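A.B. asks: First, the structure itself, so that you have it in front of you.
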Amino acid sequence: MSRAELAQLPTGGMAVAVIPAILTVAFLTLVVQKTYPMDTRGFTSVFQGSIRLNTYLGLAIAGGVMGAKGLEYAAYTAAVMITLVNFLSVVTVERFVGMKSGWWSLLKSVLANPLILACVLGMVFSIFHLRLPEVAYQSLVFLGGASLPMGLLTVGAGLRFSSVKHSLGPIMWCSFLKLILLPAISGLVCWRLGLQNEATMIVVIFSSLPASASAYVMAHQMGGDAELMASILAIQTLFSVFLLSGILVYFTPL
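Take any residue in the sequence shown, note its place counting from 1, add 54, and you have its number in our numbering.
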């Protein structure tokens, strides 16, 4: 995010496309919780699975298809989405399975979330054209690159295929909201706003990404249903292979 040229991107339209879509899906997840009985720990995992995104996968796709320009679109989209979904996820997990120390504890959890801090700092660096020393920057790049395999190993260690069968209903619900409804809403808004093809493609791709490995980490650390979260990640990742392939074919026809 820190090295993206925001002035050259349709930042307003892209934000308008993703923010209402995420808020709509988050609201519908709360509605599902009222109509489809599930324990609070399980609901927090369903909530995360409905809005969280695997940023690394999105960055890889954007860079592979559009090169450096695609990475700039992707970095901005990721920054907006990550900040919002992590805020909503921390609030929801604290509200349903936390709240041991009141709302001040909740506020500290949100403000101290490393993903939120990273995105905000990245935007500040980009807006004011600040640069880290190259040694520090490359060191952070290497550390960031290591987080994906570490996160995937963590998810794999917690995966229980038996829980997929026992929790199929919640898994299908949140997968529908995340992989079908969320990209449909964001894509429709992009179309109504008349965004160019490149911006629309990145927005739809990032809206279609499966939930991230960090959702499992949050569920494990904050008292959510980590086993259900791991199952959601596995199913969504499998489905997203076909969904993302179709999106790429639609936007980049042979």
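Glycine included, C-beta positions come from ideal geometry on N, C-alpha and C.
Computed from a predicted structure; not experimentally measured.
For Gly-176 and Val-189, what's the separation of their Cα atoms in angstroms?
C.D. replies: On the sequence shown, residue 176 is found 122 positions in, with the first residue counted as 1. On the sequence shown, residue 189 is found 135 positions in, with the first residue counted as 1. Cα-Cα distance, rounded: 17 Å.
A.B. asks: When you compare only the Cα positions, how much space is there between Val-243 and Gln-102?
C.D. replies: Against the sequence shown, residue 243 aligns to sequence position 189. Against the sequence shown, residue 102 aligns to sequence position 48. Going by the C-alpha atoms only, they are around 23 Å apart.
A.B. asks: Is it buried or exposed, Met-68, if we count other Cβ atoms within 10 angstroms and call 16 or more buried?
C.D. replies: What you label residue 68 is simply residue 14 of the sequence shown in a count that begins at 1. So Met-68 ends up on the buried side.
A.B. asks: Assuming Tyr-127 and Ile-256 form a contact by the criterion Cβ under 8 Å, report the distance between their Cβ atoms to the nearest whole angstrom.
C.D. replies: Here residue 127 refers to the residue found at position 73 of the sequence shown. Here residue 256 refers to the residue found at position 202 of the sequence shown. Their Cβ separation, rounded to whole angstroms, is 4 Å, which keeps Tyr-127 and Ile-256 in contact under 8 Å.
A.B. asks: If we count the other Cβ atoms within 10 Å of its Cβ and call it buried at 16 or more, is Lys-232 buried or exposed?
C.D. replies: Sequence index remark: in the sequence shown, residue 232 carries index 178 (1-based). Lys-232 is classed as buried because its beta carbon has at least 16 other beta carbons within 10 Å across all chains shown.
A.B. asks: Please report the residue range of the alpha helix (DSSP H) in which Arg-246 lies.
C.D. replies: In the sequence shown, the residue the question calls residue 246 occupies position 192. 236 to 247 is the span of the alpha helix (DSSP H), which, as asked, contains Arg-246.
A.B. asks: Could you name the residues of the same chain whose beta carbon sits closer than 6 Å to that of Trp-227, not counting the 5 residues immediately before and after it, in chain order?
C.D. replies: Sequence index remark: in the sequence shown, residue 227 carries index 173 (1-based). Same-chain partners within the cutoff: Val-86.
A.B. asks: Would you kindly work out how many angstroms separate the C-alpha atoms of Ala-122 and Ala-273, rounded to a whole number?
C.D. replies: On the sequence shown, position 68 is the one that residue 122 refers to. On the sequence shown, position 219 is the one that residue 273 refers to. Straight-line Cα distance between these residues: approximately 34 Å.
A.B. asks: Examine the Cβ distances between the stretch 249 to 267 and the stretch 64 to 79 and report whether three or more of them are shorter than 8 Å.
C.D. replies: Remark: three or more beta-carbon pairs, one from each stretch, lie closer than 8 Å, so the stretch 249 to 267 and the stretch 64 to 79 are flagged as touching.
A.B. asks: Look at the alpha carbon of Tyr-191 and the alpha carbon of Asn-167, and state the distance between them as a whole number of angstroms.
C.D. replies: Along the sequence shown, one-based indexing puts residue 191 at 137. Along the sequence shown, one-based indexing puts residue 167 at 113. For Tyr-191 and Asn-167, the distance between alpha carbons rounds to 21 Å.
A.B. asks: Grouping DSSP H, G and I as helix and E and B as strand, with all else coil, what is Arg-57?
C.D. replies: Residue 57 sits at position 3 when you count from the first residue of the sequence shown. In this structure, Arg-57 counts as coil in the three-state DSSP scheme.
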